[in-house]
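Colleague: To get my numbering, take the position in the sequence shown, counting from 1, and add 97.
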Amino acid sequence: MKPAVAVIDTKLGNLRSVVNALEAIECRATIARKPSETQDASHIILPGVGTFGEGMQNLSQEGWIDHLHEEVLGRRKFFLGICLGMQLLGTTGFEHGHHQGLDWIAGTVDRIQTHDPALRVPHVGWNTVTAVRPDPLWEGLGEGATFYFVHSYHLRPDSPQDALAICRHGSDLVVAIRRDNIMGVQFHPEKSQDDGLRLLRNFVSLPA
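(1) Can you tell me where the beta strand (DSSP E) holding Ile263 begins and where it ends?
(2) Met280 and Phe176 look like a contact to me (Cβ under 8 Å); what is the Cβ gap, rounded to whole Å?
(3) So, using beta-carbon positions, are Pro286 and Leu296 closer together than 8 Å?
(4) Going by CA-CA distance only, name the one from Tyr245, Leu112 and Glu123 that's closest to Ala129.
(5) Going straight from the alpha carbon of Glu159 to that of Leu186, what length do you get?
(6) Quick check on DSSP: helix, strand or coil for Met280?
(7) Measure the alpha-carbon distance for Thr211 versus Ser268 and round it to whole angstroms.
(8) Does DSSP classify Asp269 as helix, strand or coil?
(9) Could you tell me the distance, in whole angstroms, from the CA atom of Glu123 to the CA atom of Arg208?
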């Protein structure tokens with residue numbers, strides 16, 4: 098049976114590219130516009146492009162926060178945050194103010210700092226990503242895996258044990274995290290060609 102994946106509509110970003118990527122790897126992907134629509138899914142994806150405050154506000158207004166706590170922390174469904182979705186896993190975001198996150202992965206979301214004028218912020222384009230520990234999410238992705246980025250802020254997890262992969266942009270940035278069934282990637286796997294599809298395939302292959 099094909100994996101059933103719910104893609105949460107945060108009203109921020111293009112969900113169709115995520116759904117198309119999931120369909121390309123033969124998943125049953127649906128856009129969940131209200132919390133009840135994740136009930137039959139074994140895996141949940143939270144994508145997003147926008148600001149931390151907007152993301153949390155939209156989740157709160159639509160009743161997602163308590164529901165996701167139950168689905169992910171209670172029922173232990175596999176969860177993947179993409180781009181802004183990864184950042185919202187943190188404790189606090191400092192983009193245009195001070196905002197409370199989901200606090201599933203202790204850490205802060207801060208603006209990328211670089212002192213090299215050749216390195217621009219936002220960080221846009223392809224970059225090599227290296228895993229810092231073995232994990233089924235990274236299976237088949239070697240040291241030369243490349244992914245597509247568009248971001249100015251990044252999550253800094255408090256515990257090194259939550260970091261899964263890093264990339265270099267002025268300094269080492271944690272761009273993939275995992276704690277048990279909770280995962281996040283700062284890059285866009287749905288825009289990252291073969292490596293992105295491989296990562297999504299690894300995610301949906303995690304046993305429900």
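Don't be surprised by glycine CBs; every beta carbon is placed ideally from N, CA and C. Here the structure is a predicted model, which means the values were calculated and not measured.
Modeller: The relevant details are as follows:
(1) Ala260 to His266
(2) 7 Å
(3) yes
(4) Leu112
(5) 17 Å
(6) strand
(7) 7 Å
(8) strand
(9) 36 Å
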